[in-house]
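Chemist:
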Amino acid sequence: MENIQHFTTENGITSKEASQDEISPDSPHTPLNVHFRSGNLTLAGHLYIPRNYKTNEKRAAILVVAPGGGVKEQTSGRYAMELCKKGFVTMSFDHRSYGESEGFPRFDEDPYNKIEDIKNAVSYLTNRLEVNLNAIGLIGICGGGGYGPAAAAADRRIKAVATVSGMPDPKGAILEQFGTEGLVAAFEASSKARQAFSQGAEPLYYPLIPPAGAPNVMELLKQAPDYYFDSARGANPNWDNKTLAWSFEKLASFSALDSIKLISPNPVLFIAGSKAASRKANELAYQTANEPKELFIIEGSTHLDLYDIDCYVEPAVDKLTFFFNENLNG
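This note's numbering puts the first residue of the sequence shown at 3, with every later residue one more than the last.
(1) Would you call the region 277-288 and the region 189-200 in contact, with 3 or more CB pairs under 8 angstroms?
(2) Starting from A191, trace the beta strand (DSSP E) in both directions and tell me its first and last residue.
(3) Between L253 and I176, which are expected to be in contact by the criterion C-beta below 8 angstroms, what is the C-beta distance as a whole number of angstroms?
(4) Taking the alpha-carbon positions, what's the H334 to S125 distance?
(5) So what does DSSP say about E301, is it helix, strand or coil?
(6) Entirely within the region 86-153 and at least 4 residues each: give me those alpha helix (DSSP H) ranges in chain order.
(7) Please name the residue, chosen from G41, G70, T44, that lies closest to W241 on a Cα-to-Cα basis.
(8) Which class does N327 belong to by DSSP, given the choice of helix, strand or coil?
(9) In whole angstroms, what is the alpha-carbon distance linking V219 and P212?
(10) With H, G and I counted as helix, E and B as strand and the rest as coil, what does DSSP make of L206?
(11) Look at P151 and A258 and say whether their C-beta atoms are less than 7 angstroms apart.
(12) What is the C-beta distance between F109 and Y229, in whole angstroms, given that I count them as a contact (C-beta under 8 angstroms)?
(13) Classify P172 as buried or exposed, calling it buried when 16 or more other Cβ atoms lie within 10 Å of its own Cβ.
(14) Does T10 pass the burial test, meaning 16 or more other C-beta atoms within 10 Å, or should it be called exposed?
(15) Reducing DSSP to helix, strand and coil, say where Q7 ends up.
(16) Just the C-alpha distance for G101 and G174, rounded to the nearest angstrom, thanks.
(17) According to DSSP, is F250 helix, strand or coil?
(18) What is the residue span of the alpha helix (DSSP H) that Y309 lies within?
(19) With a 10 Å radius around its C-beta and 16 neighbouring C-beta atoms as the bar for buried, classify N136 as buried or exposed.
(20) Within the same chain, show all residues whose beta-carbon is closer than 6 angstroms to that of G236, passing over the 5 residues directly before and after it, in chain order.
(21) For G79, which three-state DSSP category applies?
(22) Classify E84 as helix, strand or coil using the three-state DSSP reduction.
(23) Do the region 111-128 and the region 80-97 meet, that is, are 3 or more Cβ pairs less than 8 angstroms apart?
(24) What is the DSSP secondary structure of E296, counted as helix, strand or coil?
(25) Report back the beta-carbon spacing between N115 and R39 to the nearest angstrom; my notes put them in contact at under 8 angstroms.
(26) What residue from L306, E111, V36, R61 has the CA that sits closest to A226's CA?
(27) If you compare alpha carbons, which of A63, G47, S200 is closest to R159?
(28) Whose C-beta lies closer than 7 angstroms to the C-beta of H8 among residues of the same chain, with five residues either side of it excluded?
(29) At the level of alpha carbons, what is the spacing between L222 and Q179?
(30) Let me make sure I understand the geometry here. Which of S200, G105, A187, V166 has the alpha-carbon closest to that of L285?
(31) Looking only at its own chain, which residues have a Cβ that is under 6 angstroms from the Cβ of N5, when we skip the five neighbours before and after it?
(32) Can you determine whether any heavy atom of the ligand MG sits closer than 6 angstroms to the C-beta of K60, and answer yes or no?
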């Protein structure tokens, strides 16, 4: 039985689905700066504790996984703060080689290392005194919507999974964009960069986000400059427009579709915009996943709109609140 819902301003989420724990919704929550180990590296995170938290309580917790190349001060932090207002302990963090976290070479978009970082972030959360270790949820945004589900498929401490504008299948998207010949040519360039680095050269970096109006850009990235280069939106001193040259070959080998069925019997929710370039990828992920699963379409939203545009973020947060209350708080 299909479980696909569409949100419009005419059929907004009811007050019954909204949280009763919301405190001062218009006032930002100040996060705690926290650190945890992942492998031999120290990673930096922002931990959000609800204002109405009482000593010795054990709250459900939600880990928010950033988009590829993203840092905790961007959209993952926005969702962490919004879900904290709804009564959850939440955390966003910088993956290794990004933001304030350790790791060299920098800006290494390695899906497999990022999955390990997620599991270690879960370990950190489970050992917080404020957290119910049996009520851990995860939200993955864009690229995090691939890494997060892949982590949850193996790490059974994660009891409920949601994605927002998820990109679960980099392997498929890259092959579709470049074709076999283009992919091989990109692998050649990646290999040359690796070889130069092994002989003492500085790491080679490419722009993560192409400039506005650049030719031959993936549809998904055409809107990205509006977010990442705007100081009122996603531009941040801890973020750099760089990706390591040989990250490409790792991304081209990764797809969460390979393991997404294993999340079951834990529930999974996919949230996508009706106008998003990633909508089709979310529909495919929904079709691939096992029950219990749900696809929630927000009418009028593009991929990047769901990062920070209030009229799209608000229904997404309400839906996430209902989903996690139902599956983590019973």
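Idealized CB from N, CA, C, for every residue including glycine.
Modeler: This is what the structure holds:
(1) Contact between the region 277-288 and the region 189-200 is absent, because fewer than three Cβ pairs lie under 8 angstroms.
(2) Per DSSP, A191 belongs to no beta strand (DSSP E); it is in the alpha helix (DSSP H), 172-200.
(3) Separation of the CB atoms of L253 and I176 is rounded to 6 angstroms, and the pair is thereby assigned contact status at 8 angstroms.
(4) Outside the displayed span of the chain (3 to 332) sits residue 334, for which this structure offers no information.
(5) Three-state DSSP puts E301 in coil, outside helix and strand.
(6) The qualifying runs are 113-128.
(7) Considering only alpha carbons, the answer is G70.
(8) N327 falls in the helix class under three-state DSSP.
(9) Near 8 angstroms, if we compare the C-alpha coordinates of P212 and V219.
(10) Coil, per DSSP.
(11) Cβ distance < 7 angstroms, so P151 and A258 count as in contact.
(12) Wrong, their Cβ atoms sit about 18 angstroms apart, outside the cutoff.
(13) The residue is buried, with at least 16 neighbouring Cβ atoms inside 10 Å.
(14) It counts as exposed.
(15) Correct three-state label for Q7: strand.
(16) Their backbone Cα atoms lie some 28 angstroms apart in a straight line.
(17) Note: F250 maps to helix in three-state DSSP.
(18) Segment 307-310, the alpha helix (DSSP H) holding Y309.
(19) If you draw a 10 Å sphere on the C-beta of N136, you find fewer than 16 other C-beta atoms in it, and that means exposed.
(20) Q76, Y229, Y230, listed in sequence order.
(21) DSSP places G79 in helix when its eight states are reduced to three.
(22) Of the three classes helix, strand and coil, the one that applies to E84 here is helix, per DSSP.
(23) Contact annotation: the region 111-128 touches the region 80-97, with at least three C-beta pairs closer than 8 angstroms.
(24) Here E296 sits in strand by DSSP.
(25) 14 angstroms between Cβ atoms; not a contact.
(26) When each option's Cα is compared against that of A226, the closest is L306.
(27) Cα-wise, what sits closest to R159 is A63.
(28) Within the same chain, H8 has close Cβ partners I299, E301.
(29) In a straight line, the C-alpha of L222 is about 11 angstroms away from that of Q179.
(30) The displayed chain sequence assigns Glu, not Leu, to residue 285. Of the listed residues, the one whose Cα sits closest to E285 is V166.
(31) The residues are E296.
(32) Absence of the ligand MG is noted for the structure shown, with no ligands found whatsoever.
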